[in-house]
Amino acid sequence: MEHADNQAINFRDQAELKEQIFKILDFYYPACIDHDKGGYINGFLNDGTINDTTTKHLVATNRYIYIFSIGAILGGPDWCLESARHGIRFLKAHHTDHDNNGYFFELDGTAVNDDRKMAYGHAFTLLASAIAYEAGIEEAKSILDNVYEVLERHFWDPDHALYKDEWDAGWHSLSSYRGQNPNMHLCEAMLTAYEATGEQKYLDRAYTLAESVTKKLVERSGGMVWENYTPDWQPDFEFNKNNTKDEFRPYGFVPGHQLEWSKLLMWLDRHRSEPWMLETSEDLFHKGWKLGHDSEHGGILFALSPEREVIDDDKNYWVMAEAISAASLLAAKTDRTFYWDVYDQLCQYSSEYLMDHEHGGWYKLLNRQNKPYSNVKTKPPKTDYHPVAAYYQSILAFR
5 MEHADNQAIN FRDQAELKEQ IFKILDFYYP ACIDHDKGGY INGFLNDGTI
55 NDTTTKHLVA TNRYIYIFSI GAILGGPDWC LESARHGIRF LKAHHTDHDN
105 NGYFFELDGT AVNDDRKMAY GHAFTLLASA IAYEAGIEEA KSILDNVYEV
155 LERHFWDPDH ALYKDEWDAG WHSLSSYRGQ NPNMHLCEAM LTAYEATGEQ
205 KYLDRAYTLA ESVTKKLVER SGGMVWENYT PDWQPDFEFN KNNTKDEFRP
255 YGFVPGHQLE WSKLLMWLDR HRSEPWMLET SEDLFHKGWK LGHDSEHGGI
305 LFALSPEREV IDDDKNYWVM AEAISAASLL AAKTDRTFYW DVYDQLCQYS
355 SEYLMDHEHG GWYKLLNRQN KPYSNVKTKP PKTDYHPVAA YYQSILAFR
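Residue 5 is where the sequence shown starts when you use the working numbering, and the numbers rise one by one after that.
As structure tokens, this is what we get:
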């Protein structure tokens with residue numbers, strides 16, 4: 005698994021980062037294009053063998069659209085744009101609820117398997133349609149406009165300046181659960197939509213979300229971002245207790261999410277710079293790194309208890325990607341040696357343990373000793389969107 009010449013990869017070089025993105029795309033394309041049912045195939049073993057042809061997850065569909073759109077934006081071959089357009093067609097035809105509006109969370113082929121309306125899924129619909137539009141797919145604009153309206157009408161909570169989480173298909177029943185995770189991805193999606201369209205409403209909303217989470221919510225949970233909340237946005241320390249493996253609602257303080265918010269604050273800072281952004285970004289970065297970094301085996305551990313003790317010492321691929329992204333944006337902003345060192349260290353770690361230099365793509369989950377748990381490279385909703393997004397943000401930062 006170790007890559008003999010990974011010392012040779014210069015992760016500070018934009019051309020090298022671009023090459024890493026295309027290596028990921030090459031793992032998925034063309035096998036991920038489902039010519040039979042439309043959309044994308046979501047399940048692959050490490051060597052590229054397909055192990056799930058029917059699951060169509062809203063988040064995965066959108067993440068595929070995202071990575072192929074990035075390929076097109078970076079001047080990749082024609083199949084990048086066509087592959088993204090392929091996903092936009094499927095999103096419009098099959099993930100869209102043509103009766104009630106909004107987007108179904110999961111399909112089995114083209115049949116609806118999970119009809120819930122999830123803020124998390126809508127966040128990625130906003131992200132994907134925005135980046136596809138930026139890549140030149142005009143028909144993505146109608147999805148972008150629609151999903152923004154759906155979010156405004158059904159999810160936005162003006163009293164708390166945050167998005168609610170989960171509705172049934174017909175918008176009759178709202179879950180009492182509230183989470184930071186969809187709000188974090190909505191902040192990312194709003195920044196992307198602002199860059200794609202120049203429309204001020206997206207930047208304003210990204211700013212509001214960043215302020216709500218990294219000022220108000222952080223204060224309520226003692227200086228870091230907790231994951232799960234009550235309907236009035238108080239930290240819920242009982243919800244999903246000790247279930248750190250929930251894909252969308254993990255229990256704990258997740259160091260990776262402190263780092264992801266650090267990245268978002270620096271991204272926001274590019275467009276509307278205020279002193280608190282750098283200050284808060286650095287604070288969250290240092291806490292995420294100090295509490296999460298595994299000084300013995302490298303990488304970043306997954307989850308901490310309310311008392312900030314490690315309760316899950318696995319290494320998750322997306323955590324490393326988000327930490328790389330945050331370090332690159334802070335390094336570009338401040339030019340401090342500390343951030344450059346962390347960036348180099350994490351890129352090296354990821355090259356050694358997470359990147360599959362033989363087949364392409366990243367391994368999903370390692371134990372503390374950096375050994376993979378399984379031979380499954382990707383299952384819904386992975387698609388390696390996190391490393392692609394991280395490298396893309398680093399390219400922009402280094403420009």
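Glycine included, C-beta positions come from ideal geometry on N, C-alpha and C.
Count the C-beta pairs between the segment 138-148 and the segment 83-100 that are closer than 8 angstroms, then say yes if the count reaches three, no if not.
Three or more Cβ pairs drawn from the segment 138-148 and the segment 83-100 lie within less than 8 angstroms of each other, which places the two stretches in contact.
W160 and Y167 look like a contact to me (Cβ under 8 angstroms); what is the Cβ gap, rounded to whole Å?
As a working mapping, residue 160 is identified with position 156 in the sequence shown. As a working mapping, residue 167 is identified with position 163 in the sequence shown. Right, the Cβ-Cβ distance comes to about 6 angstroms (below 8 angstroms), so this counts as a contact.
Measure how close the beta-carbons of Y357 and N374 come, nearest whole angstrom, since I'm counting them as under 8 angstroms.
Counting from one through the sequence shown, the residue named residue 357 turns up at place 353. Counting from one through the sequence shown, the residue named residue 374 turns up at place 370. The distance from the Cβ of Y357 to that of N374 is about 4 angstroms, consistent with a contact at the 8 angstroms cut-off.
If you measure between the beta carbons of L288 and W322, is that distance less than 9 angstroms?
Residue numbering aside, residue 288 sits at position 284 when the sequence shown is read from its first letter. Residue numbering aside, residue 322 sits at position 318 when the sequence shown is read from its first letter. No; because the gap between Cβ atoms is not below 9 angstroms, this pair is not in contact.
Measuring only the C-alpha atoms, how far is M5 from D118?
Here residue 5 is taken as the residue at index 1 of the sequence shown, counted from 1. Here residue 118 is taken as the residue at index 114 of the sequence shown, counted from 1. Residue confidence for M5 is low, a pLDDT of 42 falling below 50, so the modelled location carries little weight; the figure read from the coordinates is stated next. Distance between the alpha carbons of M5 and D118: 37 angstroms.
Classify Y255 as helix, strand or coil using the three-state DSSP reduction.
In the sequence shown, counting from the first residue as 1, residue 255 sits at position 251. Looking at Y255 - three-state DSSP - the assignment turns out to be coil, as it is neither helix nor strand.
Entirely within the segment 307-371 and at least 4 residues each: give me those alpha helix (DSSP H) ranges in chain order.
As far as the segment 307-371 is concerned, its whole alpha helix (DSSP H) runs of at least 4 residues are 321-338 and 341-357.
Which whole-angstrom value describes the C-beta separation of M270 and L334, a residue pair presumed to lie in contact below a C-beta threshold of 8 angstroms?
Walking along the sequence shown from the start, residue 270 turns up at place 266. Walking along the sequence shown from the start, residue 334 turns up at place 330. Indeed, because the Cβ distance is near 6 angstroms, the residues count as touching under 8 angstroms.
According to the Cβ coordinates, are A132 and S87 closer than 9 angstroms?
Along the sequence shown, one-based indexing puts residue 132 at 128. Along the sequence shown, one-based indexing puts residue 87 at 83. It is not a contact, given that the beta carbons lie outside the stated cut-off.
Contiguous beta strand (DSSP E) assignments of at least 3 residues, all confined to the segment 206-245
None, since the segment 206-245 contains no complete beta strand (DSSP E) of that length.
Are the Cβ atoms of T59 and K383 separated by less than 9 angstroms?
As a position in the sequence shown, residue 59 is number 55, starting the count at 1. As a position in the sequence shown, residue 383 is number 379, starting the count at 1. Yes, the Cβ-Cβ distance between T59 and K383 is below 9 angstroms.
Complete runs of the beta strand (DSSP E) confined to the segment 36-97 [at least 3 residues]
Counting whole runs of 3 or more residues, the segment 36-97 contains the beta strand (DSSP E) stretches 47-49, 54-56 and 59-61.
Just list the beta strand (DSSP E) runs in the segment 105-181, keeping only unbroken ones of 3 residues or longer that don't cross its boundaries, in chain order.
As far as the segment 105-181 is concerned, its whole beta strand (DSSP E) runs of at least 3 residues are 110-112 and 115-118.
Would you tell me roughly how many angstroms separate the C-alpha atoms of A8 and Q352, rounded to the nearest one?
As a first step, residue 8 must be located in the sequence shown, where it is residue number 4. As a first step, residue 352 must be located in the sequence shown, where it is residue number 348. Here the model assigns A8 a pLDDT of 43, short of 50, so the residue's position is not dependable and the matter cannot be decided.
Rounded C-alpha distance that separates L178 from K121:
For this step, residue 178 is matched to residue 174 along the sequence shown. For this step, residue 121 is matched to residue 117 along the sequence shown. Between L178 and K121, the C-alpha separation is close to 10 angstroms.
Pairs of beta-carbons, one from the segment 229-242 and one from the segment 252-266, closer than 8 angstroms: are there three or more?
Yes, since at least three Cβ pairs between the segment 229-242 and the segment 252-266 fall closer than 8 angstroms, the two stretches touch.
Excluding sequence positions up to five away, which residues of its chain have a Cβ less than 6 angstroms from the Cβ of Q24?
Numbered from 1 along the sequence shown, position 20 holds the residue referred to as residue 24. So the list reads Y395, once near-sequence residues are dropped.
Is it buried or exposed for S354, if we count other Cβ within 10 angstroms and need 16 for buried?
In the sequence shown, counting from the first residue as 1, residue 354 sits at position 350. Looking at its Cβ environment, which holds 16 or more other Cβ atoms inside 10 Å, S354 is buried.
Pairwise C-alpha distance: D360 and N14:
The count along the sequence shown starts at 1 and reaches residue 14 at position 10. The count along the sequence shown starts at 1 and reaches residue 360 at position 356. Those two C-alpha atoms are separated by around 17 angstroms.
Following the continuous alpha helix (DSSP H) through K294, name the residue where it begins and the one where it ends.
For this step, residue 294 is matched to residue 290 along the sequence shown. Looking at the DSSP string, the run of the alpha helix (DSSP H) that includes K294 is P279 to G296.
Run of the beta strand (DSSP E) containing T382, from where it starts to where it stops:
Within the sequence shown, the letter at position 378 stands for residue 382. Taken as a continuous stretch (DSSP letters only), the beta strand (DSSP E) holding T382 covers V380 to T382.
Of the residues I77, N246, G113 and Y107, which one's Cα is nearest the Cα of E313?
Counting from one through the sequence shown, the residue named residue 313 turns up at place 309. Shortest Cα-Cα distance from E313 to any of I77, N246, G113 and Y107 involves N246.
Give me the Cβ distance between N50 and N379, rounded to the nearest whole Å; I'm assuming they're in contact under 8 angstroms.
Here residue 50 refers to the residue found at position 46 of the sequence shown. Here residue 379 refers to the residue found at position 375 of the sequence shown. Correct: roughly 5 angstroms between the Cβ atoms.
What three-state label does DSSP hand D9 in the structure shown?
By 1-based counting over the sequence shown, the position of residue 9 is 5. Note that D9 scores 48 on pLDDT, short of 50, meaning its location in the model is unreliable and no value can be drawn from it.
Let me know if P279 comes out buried or exposed under the rule of 16 or more other beta-carbons within 10 Å of its beta-carbon.
For the purposes of this step, residue 279 is taken as residue 275 along the sequence shown, with counting starting at 1. Around the C-beta of P279, fewer than 16 other C-beta atoms lie within 10 Å, and the residue is accordingly described as exposed.
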